[in-house]
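S.K.:
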Amino acid sequence: MVAHLLSLRFRLMLNGIRRSPMVLVSTILGALWGLFILVGLIIGMVALAFAEPQWAWITAVLGGALAVLGWVIVPVLFRGMDQSLSVEKLRTFPIPPQRLLVALLVVGLLGVPGIVTAIVGLATTLSWLREPVALIAAPFAAALGVLICIAASRAFESIGAALAAGRRYREVMGVIVFIPLILLGPIIALAGSSLSSISGDLPRIAAIVSWTPLGAAWSIPGDLALGRPLEALAKAGIALATLALLILLWRRSLATLLVSPPTAGSGAKRSKGLGPFNWYPATPTGAVAARTTVYWLRDPRYGGSLVVLPALAILAVFVAVTGSEWFLLLLGPIFAATLAITLCAEVSYDGTAFASHLSTGVSGVADRAGRVITLGIISVPLVTIATVVPQIVLGRSADIPALLGIGYGLLLTGFGVSSVASARFLLPVPAAGESPFKTPPGSSFTSQISMLATWAVVFALSIPELVLGAISLIGGQMIFGVAALVVGVVLGSVLMVVGIRAGGALLDRRGPELLTSLRRARGA
């Protein structure tokens, strides 16, 4: 069984390489690059043998812990990269869970990532060339660490396979992957600036990590070299218990997967009552608001548009920590400007379902107002929190009225402008069921210009509260901040109502034309 699956794995890999000359060239270049890195790591391990034993121990513990984390995180977040021998494909064969577990463990060990991890793990033995006791224990500790890597990867991957049938899991994973990509620049900058400052804390960090399942196995040789045999024995027990627990968890999830019927997604859930339709009045506007609320709760494309908000908050905190507080100070208005144009894509998100609005005779004003109500329920608390909390933290409570005035003004004005804009043009958006972060065909320069033009109109109409707020923030005169709050709310509300009415009238005239464009975009 093991030999058969192993030969099948390598046969599939070779067939994939032979499929295209470019794939072959890329594989060769990748292998050469990997070999170069591997040789560098081995040379580094040998060099550590001539340094203080503590540094070899720190390197092994922290490097091993990162390896275990990598083996766990990558298959879970990037599920689907290599599914050649996935449990979903093997479940149709009468293979006992125990035999399949052993086979997959060996296949994982003898795959390319497993071989590289094993070589690097065994290379840590070279760090203990001058410590005989540690040198003897190092290969066994490395083997234990590598087995923990593979078992942890397979166990969490099996659990993920059971969860991945549900759409919600895929949405959450997409968001988790997307946020670090947004924050990649600040993360790199923070890591670079922090390396020198945390170098003195590395021994303490390694000491903590060495008692966790991530670093226990990798700590054993170093503890022996540093004269801590009892700690080495205790950490060996932690590592063995971790491996046993992971294998048990893997075996149980594997047994469940082998008897679970394949499914492409979660079945329809039985609903109780009318849900959001009970929350709003029985009017056309209430019906549109309820339907839009359902979309916000269930359609990942709507929620995906909010992912940028926590990323902006983290970025603002990062900038504040590095010296400038203005980004954090203006976080509320930035949230407002971002949320204000969210309505521009709502008709595009409807797709051909927009026909229900036309066929039932819903007026354009009711459509615009219903969408604004739902987004307002979401946006107003977010803008309020993003405005008030940073000012309290920064000790600038006197600036709250001015910033609330700017934020509310931008938000309400944006609702009005977006109500007109979304009835005037459509934006290319992912189709229903697709990833909210997919770039659809037609995301052209023209659509970007349309969004920028919408923003420009919003800021132009918000000049009164922007000027009053700026005077208050720069001059420290709270009376202008209160005036900005009053003007922002009153003027913004007036512009919102005007925009809803104008957008509704435009939607009544252009509804059939918009539906034709939506059907053409969806190929319907």
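Numbering that gives the first Met the number 0 applies: residue 0 is where the sequence shown begins, and numbers increase by one.
For glycine and all other residues, C-beta sits at the position ideal for the given N, C-alpha and C.
Between Val202 and the rest of its own chain, which residues show a CB-CB distance below 8 angstroms, the 5 nearest in sequence each way excluded?
M.R.: If you number the sequence shown from 1, residue 202 lands on position 203. Note that residue 202 corresponds to Pro in the displayed sequence, not to Val. The answer, listed in chain order, is Gln53, Ile57.
S.K.: Using DSSP with H/G/I as helix, E/B as strand and the rest coil, what is Tyr279?
M.R.: One-based indexing of the sequence shown puts residue 279 at position 280. The answer is coil: DSSP assigns Tyr279 none of H, G, I, E or B.
S.K.: Considering only residues of the same chain and omitting the five flanking positions on each side of Ala140, which have a CB-CB separation below 6 angstroms?
M.R.: By 1-based counting over the sequence shown, the position of residue 140 is 141. Cβ within range, chain order: Ala216, Ile219, Pro220.
S.K.: Since I believe Ile147 is in contact with Thr241 (beta carbons under 8 angstroms), could you give me their beta-carbon distance rounded to a whole number of angstroms?
M.R.: Looking up residue 241 in the sequence shown gives position 242. Looking up residue 147 in the sequence shown gives position 148. At roughly 6 angstroms, the Cβ-Cβ gap stays under 8 angstroms, so Thr241 and Ile147 are in contact.
S.K.: Report buried or exposed for Ile462, applying the criterion of at least 16 other Cβ atoms within 10 angstroms of its Cβ.
M.R.: As a first step, residue 462 must be located in the sequence shown, where it is residue number 463. By the neighbour-count rule (16 or more Cβ atoms within 10 Å), Ile462 is not buried but exposed.
S.K.: Between the Cα of Gly214 and the Cα atoms of Val388, Pro20, Val60, which residue gives the shortest distance?
M.R.: Against the sequence shown, residue 214 aligns to sequence position 215. Checking every option, the nearest Cα to that of Gly214 belongs to Val60.
S.K.: Can you give, in chain order, each stretch of the alpha helix (DSSP H) that sits fully within the stretch 351-408 and has at least 4 residues?
M.R.: Complete alpha helix (DSSP H) runs here, min 4: 354-358, 363-393.
S.K.: DSSP on Thr515, reduced to helix/strand/coil?
M.R.: Reading the sequence shown from its first residue, position 516 is the one you call residue 515. Looking at Thr515 - three-state DSSP - the assignment turns out to be helix.
S.K.: CA-CA distance, Arg500 and Trp295?
M.R.: Residue 500 sits at position 501 when you count from the first residue of the sequence shown. Residue 295 sits at position 296 when you count from the first residue of the sequence shown. Taking the straight line joining both Cα atoms gives about 23 angstroms.
S.K.: CA-CA distance, Phe597 and Asp398?
M.R.: Nothing can be reported for residue 597, as the shown portion of the chain is limited to 0 through 523.
S.K.: Taking the Cβ atom as the reference point for each residue, do Gly498 and Ser418 lie within a distance shorter than 8 angstroms?
M.R.: As a position in the sequence shown, residue 498 is number 499, starting the count at 1. As a position in the sequence shown, residue 418 is number 419, starting the count at 1. Cβ atoms of Gly498 and Ser418: closer than 8 angstroms.
S.K.: On the three-state DSSP scale, how would you describe Thr211?
M.R.: Residue numbering aside, residue 211 sits at position 212 when the sequence shown is read from its first letter. The answer is coil: DSSP assigns Thr211 none of H, G, I, E or B.
S.K.: In this structure, does DSSP put Glu130 in helix, strand or coil?
M.R.: Here residue 130 is taken as the residue at index 131 of the sequence shown, counted from 1. In the structure shown, Glu130 sits in coil (DSSP, three-state: anything other than H, G, I, E or B).
S.K.: How long is the line joining the alpha carbons of Val105 and Ala310, rounded to whole angstroms?
M.R.: Translated into positions along the sequence shown, residue 105 becomes position 106. Translated into positions along the sequence shown, residue 310 becomes position 311. Straight-line Cα distance between these residues: approximately 40 angstroms.
S.K.: Go to Phe326, then tell me how far its alpha helix (DSSP H) extends in each direction, as first and last residue.
M.R.: If you number the sequence shown from 1, residue 326 lands on position 327. Its alpha helix (DSSP H) spans residues 325-328.
S.K.: Mapping the DSSP letters down to three states, classify Arg227 as helix, strand or coil.
M.R.: Position 228 of the sequence shown, counted from the start, is the residue given in the question as residue 227. Reduced to three states, the DSSP call for Arg227 is coil.
S.K.: Quick one: using the 10 Å Cβ neighbour count with 16 as the cut-off for buried, is Pro131 buried or exposed?
M.R.: Within the sequence shown, the letter at position 132 stands for residue 131. Counting Cβ neighbours within 10 Å, Pro131 comes out exposed, since fewer than 16 surround it.
S.K.: Can you tell me where the alpha helix (DSSP H) holding Glu464 begins and where it ends?
M.R.: Here residue 464 corresponds to residue number 465 of the sequence shown, with the count starting at 1. Element bounds for Glu464: 462-474.
S.K.: In whole angstroms, what is the alpha-carbon distance linking Ala385 and Leu328?
M.R.: For the purposes of this step, residue 385 is taken as residue 386 along the sequence shown, with counting starting at 1. For the purposes of this step, residue 328 is taken as residue 329 along the sequence shown, with counting starting at 1. When rounded, the distance between both Cα atoms is 9 angstroms.
S.K.: Spatial neighbours of Ala420 within its chain, please: C-beta separation below 6 angstroms, excluding the five flanking residues on both sides.
M.R.: Position 421 of the sequence shown, counted from the start, is the residue given in the question as residue 420. Result list for Ala420: Cys343, Thr453, in chain order.
S.K.: Report the rounded CA-to-CA distance for Ala315 versus Pro380, giving the unit in angstroms.
M.R.: Start at 1 with the first residue of the sequence shown, and residue 315 comes out as number 316. Start at 1 with the first residue of the sequence shown, and residue 380 comes out as number 381. Cα-Cα distance, rounded: 19 angstroms.
S.K.: By the DSSP assignment, the alpha helix (DSSP H) with Leu121 in it spans what residues?
M.R.: Counting from 1 along the sequence shown, the entry for residue 121 is found at position 122. Residues 111-122.
S.K.: Could you tell me the distance, in whole angstroms, from the CA atom of Val496 to the CA atom of Val73?
M.R.: Position 497 of the sequence shown holds residue 496. Position 74 of the sequence shown holds residue 73. Distance between the alpha carbons of Val496 and Val73: 49 angstroms.
S.K.: State the CB to CB distance for the pair Pro400 and Ala483, rounded to an integer number of angstroms; the pair is presumed to be in contact (CB under 8 angstroms).
M.R.: As a first step, residue 400 must be located in the sequence shown, where it is residue number 401. As a first step, residue 483 must be located in the sequence shown, where it is residue number 484. Confirmed, about 7 angstroms.
S.K.: Would Thr137 and Trp127 be called neighbours here (beta carbons separated by less than 8 angstroms)?
M.R.: Taking the first residue of the sequence shown as 1, we reach residue 137 at position 138. Taking the first residue of the sequence shown as 1, we reach residue 127 at position 128. Per the sequence shown, residue 137 should be read as Ala rather than Thr. Yes, Cβ-Cβ distance for Ala137 and Trp127 is below 8 angstroms.
S.K.: Below 8 angstroms between beta carbons: does that hold for Val346 and Pro283?
M.R.: Start at 1 with the first residue of the sequence shown, and residue 346 comes out as number 347. Start at 1 with the first residue of the sequence shown, and residue 283 comes out as number 284. The answer is no: Cβ separation not under 8 angstroms.
S.K.: For Ala315, which of helix, strand or coil comes out of DSSP?
M.R.: Numbered from its first residue, the sequence shown carries residue 315 at position 316. Three-state result, Ala315: helix.
S.K.: Ala151: which of Ala281, Leu247, Gly363 sits nearest, CA to CA?
M.R.: Counting from one through the sequence shown, the residue named residue 151 turns up at place 152. Among Ala281, Leu247, Gly363, the Cα nearest to that of Ala151 is on Leu247.
S.K.: If you check the beta carbons only, do Gly502 and Leu357 fall under 8 angstroms apart?
M.R.: Taking the first residue of the sequence shown as 1, we reach residue 502 at position 503. Taking the first residue of the sequence shown as 1, we reach residue 357 at position 358. Not closer than 8 angstroms, so no.
S.K.: By Cβ distance, which residues of its chain are closer than 6 angstroms to Val293, with the 5 residues on each side in sequence left out?
M.R.: Within the sequence shown, residue 293 is the residue found at index 294, counting from 1. Pro275.
S.K.: Using C-beta distances below 7 angstroms, list every residue in its chain close to Val387, excluding the 5 sequence neighbours before and after it, in chain order.
M.R.: Position 388 of the sequence shown, counted from the first residue, corresponds to residue 387. Correct list, in chain order: Ile399.
S.K.: From Phe317 to Ile391, what distance separates their C-alpha atoms?
M.R.: The count along the sequence shown starts at 1 and reaches residue 317 at position 318. The count along the sequence shown starts at 1 and reaches residue 391 at position 392. If you take the alpha carbons of Phe317 and Ile391, they lie about 17 angstroms apart.
S.K.: Does DSSP put Ile204 in a helix, a strand or coil?
M.R.: Mapped onto the sequence shown, residue 204 falls at position 205. Three-state result, Ile204: helix.
S.K.: Mapping DSSP to helix, strand and coil, what is Val486?
M.R.: One-based indexing of the sequence shown puts residue 486 at position 487. Residue state, collapsed to three classes: helix.
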